Amino acid sequence: MTFDVEIVLRERNYAVTEHIEHGVEPAGWRESDVEVVLKQILLAIDRVKNPSKNTQFVALRGFSWIVEPVGDQVVIAIEIPMGAAVAGPFAIEQGRLDGLIRRVIAGAAVPSPTIH
765 MTFDVEIVLR
775 ERNYAVTEHI
785 EHGVEPAGWR
795 ESDVEVVLKQ
805 ILLAIDRVKN
815 PSKNTQFVAL
825 RGFSWIVEPV
835 GDQVVIAIEI
845 PMGAAVAGPF
855 AIEQGRLDGL
865 IRRVIAGAAV
875 PSPTIH
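To convert, count from 1 in the sequence shown and add 764; that's the working numbering.
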(Lines of atoms letter the chains of each structure in order from A and count residues from 1; the text may use other names and numbers.)
(Lines give C-alpha, C1' and ligand atoms only; values in the text may rest on other atoms or scores of the structure.)
Protein backbone atom coordinates (compact mmCIF):
# COMPACT_ATOMS: atom_id res chain seq x y z
CA MET A 1 0.00 0.00 0.00
CA THR A 2 1.03 3.61 -0.51
CA PHE A 3 0.14 6.34 1.95
CA ASP A 4 0.78 10.06 2.14
CA VAL A 5 2.49 11.94 4.93
CA GLU A 6 1.76 15.67 5.13
CA ILE A 7 4.66 17.38 6.92
CA VAL A 8 4.85 20.91 8.32
CA LEU A 9 8.18 21.91 9.83
CA ARG A 10 8.44 24.46 12.63
CA GLU A 11 8.59 28.05 11.41
CA ARG A 12 7.19 27.09 7.99
CA ASN A 13 3.66 27.84 6.86
CA TYR A 14 3.34 25.18 4.16
CA ALA A 15 3.12 21.41 4.03
CA VAL A 16 5.25 18.97 2.07
CA THR A 17 3.79 15.63 1.00
CA GLU A 18 5.87 12.46 1.09
CA HIS A 19 4.59 9.19 -0.39
CA ILE A 20 5.52 6.05 1.53
CA GLU A 21 5.21 2.40 0.54
CA HIS A 22 4.40 -0.36 2.99
CA GLY A 23 3.80 -3.93 1.87
CA VAL A 24 0.93 -4.83 4.20
CA GLU A 25 -2.57 -3.36 4.12
CA PRO A 26 -3.55 -1.68 7.44
CA ALA A 27 -6.27 -4.24 8.25
CA GLY A 28 -3.51 -6.87 8.50
CA TRP A 29 -1.03 -4.79 10.49
CA ARG A 30 0.79 -6.28 13.44
CA GLU A 31 3.13 -4.52 15.84
CA SER A 32 6.09 -5.03 13.50
CA ASP A 33 4.20 -3.24 10.70
CA VAL A 34 3.27 -0.33 12.96
CA GLU A 35 6.88 0.01 14.08
CA VAL A 36 8.02 0.24 10.44
CA VAL A 37 5.28 2.73 9.56
CA LEU A 38 6.08 4.99 12.53
CA LYS A 39 9.77 4.94 11.67
CA GLN A 40 8.97 5.72 8.02
CA ILE A 41 6.90 8.73 9.11
CA LEU A 42 9.70 10.03 11.35
CA LEU A 43 12.26 9.50 8.58
CA ALA A 44 10.02 11.42 6.17
CA ILE A 45 10.00 14.39 8.56
CA ASP A 46 13.78 14.22 8.75
CA ARG A 47 14.12 14.05 4.93
CA VAL A 48 12.07 17.22 4.58
CA LYS A 49 14.15 18.99 7.24
CA ASN A 50 17.52 17.62 6.04
CA PRO A 51 17.22 16.63 2.37
CA SER A 52 20.95 16.05 1.90
CA LYS A 53 21.35 13.91 5.02
CA ASN A 54 20.84 10.13 4.97
CA THR A 55 19.43 9.24 8.41
CA GLN A 56 19.24 5.53 9.09
CA PHE A 57 18.50 5.27 12.82
CA VAL A 58 15.15 6.19 14.35
CA ALA A 59 14.24 5.95 18.04
CA LEU A 60 10.55 5.61 18.88
CA ARG A 61 10.56 8.06 21.76
CA GLY A 62 10.34 11.80 22.25
CA PHE A 63 7.24 12.41 20.14
CA SER A 64 3.53 12.92 20.66
CA TRP A 65 1.03 11.00 18.58
CA ILE A 66 -2.68 10.45 18.20
CA VAL A 67 -4.90 8.29 15.99
CA GLU A 68 -7.80 10.35 14.64
CA PRO A 69 -10.82 9.26 12.60
CA VAL A 70 -11.31 10.66 9.11
CA GLY A 71 -14.60 9.39 7.76
CA ASP A 72 -14.50 5.60 8.03
CA GLN A 73 -10.68 5.54 8.17
CA VAL A 74 -8.02 6.95 10.50
CA VAL A 75 -4.85 9.03 10.33
CA ILE A 76 -1.77 9.05 12.54
CA ALA A 77 -0.72 12.53 13.67
CA ILE A 78 2.80 12.93 15.06
CA GLU A 79 4.49 15.96 16.59
CA ILE A 80 8.21 16.23 17.28
CA PRO A 81 10.38 19.26 18.07
CA MET A 82 11.20 19.90 14.39
CA GLY A 83 7.60 19.73 13.17
CA ALA A 84 4.47 17.69 12.71
CA ALA A 85 3.10 15.11 10.30
CA VAL A 86 -0.22 13.51 9.48
CA ALA A 87 -0.10 10.13 7.75
CA GLY A 88 -2.86 8.18 6.10
CA PRO A 89 -5.72 7.65 5.80
CA PHE A 90 -5.64 4.02 6.85
CA ALA A 91 -8.45 1.46 6.70
CA ILE A 92 -8.08 0.12 10.25
CA GLU A 93 -10.21 0.47 13.38
CA GLN A 94 -9.12 3.43 15.51
CA GLY A 95 -8.91 1.50 18.79
CA ARG A 96 -6.93 -1.32 17.23
CA LEU A 97 -4.34 1.02 15.69
CA ASP A 98 -4.13 3.01 18.91
CA GLY A 99 -3.42 -0.20 20.84
CA LEU A 100 -0.80 -1.34 18.35
CA ILE A 101 1.00 2.00 18.57
CA ARG A 102 0.88 1.97 22.38
CA ARG A 103 2.47 -1.49 22.48
CA VAL A 104 5.15 -0.56 19.95
CA ILE A 105 6.07 2.62 21.85
CA ALA A 106 6.11 0.75 25.18
CA GLY A 107 8.31 -1.96 23.69
CA ALA A 108 10.78 0.64 22.41
CA ALA A 109 11.10 2.33 25.79
CA VAL A 110 14.56 2.17 27.30
CA PRO A 111 14.35 0.16 30.51
CA SER A 112 15.52 1.95 33.62
CA PRO A 113 18.17 0.31 35.80
CA THR A 114 16.91 -1.73 38.70
CA ILE A 115 18.34 -0.90 42.11
CA HIS A 116 18.02 -3.47 44.86
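Note that the Cβ used here is the ideal one computed from N, Cα and C, for glycine as well. What you are looking at is a predicted structure, and each value in this text was computed from that prediction instead of being measured.
Distances from the alpha-carbon of F827 to those of P845, Q804, A873 put P845 closest. Counted as a single uninterrupted DSSP element, the stretch harbouring V868 is not any beta strand (DSSP E) but the alpha helix (DSSP H) occupying residues 858-872. Secondary structure of V788 (DSSP, three-state): coil. Around the CB of F767, 16 or more other CB atoms lie within 10 Å, so the residue is classed as buried.
Bridge partners of S828 according to DSSP: E843. Remark: C-beta atoms of L806 and A872 do not approach each other more closely than 9 Å. Across the structure, R774 and V822 are spaced so that their CA atoms are roughly 20 Å apart.
Minimum Cα-Cα distance from W829 among the listed residues Q820, N818, G847, N814 corresponds to G847. Straight through space, the alpha carbons of L861 and A870 are spaced by roughly 14 Å. The Cβ atoms of A851 and V801 lie closer than 9 Å to each other. Annotation for D768: the continuous beta strand (DSSP E) segment containing it runs 766-773.
For the pair A808 and V838, the CB atoms are not nearer than the 9 Å cut-off.
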